[in-house]
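Scroll down for the structure; my scribbles are underneath it.
Right under this line is the structure:
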């Protein structure tokens, strides 16, 4: 399987979630199953079935996170020399030439993307249009709203 790019912050968040699932949530679910078993007939025991379902969800999430971390290519952009070029992990400030609206985005992996926090996926149309370009470049990017022209104001390796 091919490696998937991920930032250091994204990998740390996944590791923290994995730790919580394995060492906090999993033992609590096991206790809930044991308590529900003591209530008697398992066929008609709603608490038991709910706990087993929660266990399945928890175990699936653990496997999902472990898979993502095993296939991750963790990239620390702070260790790279700032050449002014847009690459994975950089924070880019762009100006919409038509509306004069300025936006700042950080280019991250698919699992880390959150537009509310200005984290855009490396596979998004805007990121794909910016990758490889440099400060001062003007780019035309086809977005769901149509063709938009942007100017790259700054590229930070933070």
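In my numbering, the protein residues as written are 121 to 278. All residues carry an ideal CB built from backbone N, CA and C; glycine is no exception.
Would residue 171 pass as a contact of residue 149 if the rule is Cβ separation under 8 Å?
Cβ atoms of residue 171 and residue 149: closer than 8 Å.
Just the C-alpha distance for residue 143 and residue 183, rounded to the nearest angstrom, thanks.
In a straight line, the C-alpha of residue 143 is about 14 Å away from that of residue 183.
Taking 8 Å as the cut-off, does the stretch 184-202 touch the stretch 121-141 (at least 3 CB pairs, one atom from each stretch)?
Counting Cβ pairs under 8 Å, three or more are found: they touch.
Along the beta strand (DSSP E) that carries residue 193, what are the first and last residues, could you check?
Element bounds for residue 193: 192-195.
Using the three-state DSSP reduction, which class does residue 186 fall into: helix, strand or coil?
Here residue 186 sits in helix by DSSP.
Counting only runs of 3+ residues fully inside the stretch 182-267, write out the beta strand (DSSP E) ranges in chain order.
You should have 192-195, 211-216, 222-228, 239-241, 258-263.
What's the call for residue 229, buried or exposed, on a 16-neighbour Cβ count within 10 Å?
Buried, since its Cβ has 16 or more Cβ neighbours within 10 Å.
Would you call the stretch 252-271 and the stretch 212-221 touching, i.e. three or more CB-CB distances under 8 Å?
Verdict: yes, contact present.
Which two residues bound the contiguous alpha helix (DSSP H) that contains residue 159?
Looking at the DSSP string, residue 159 is not in any alpha helix (DSSP H), and its letter there is neither H nor E.
Bridge partners of residue 272, per DSSP?
Residue 272 is bridged to 214.
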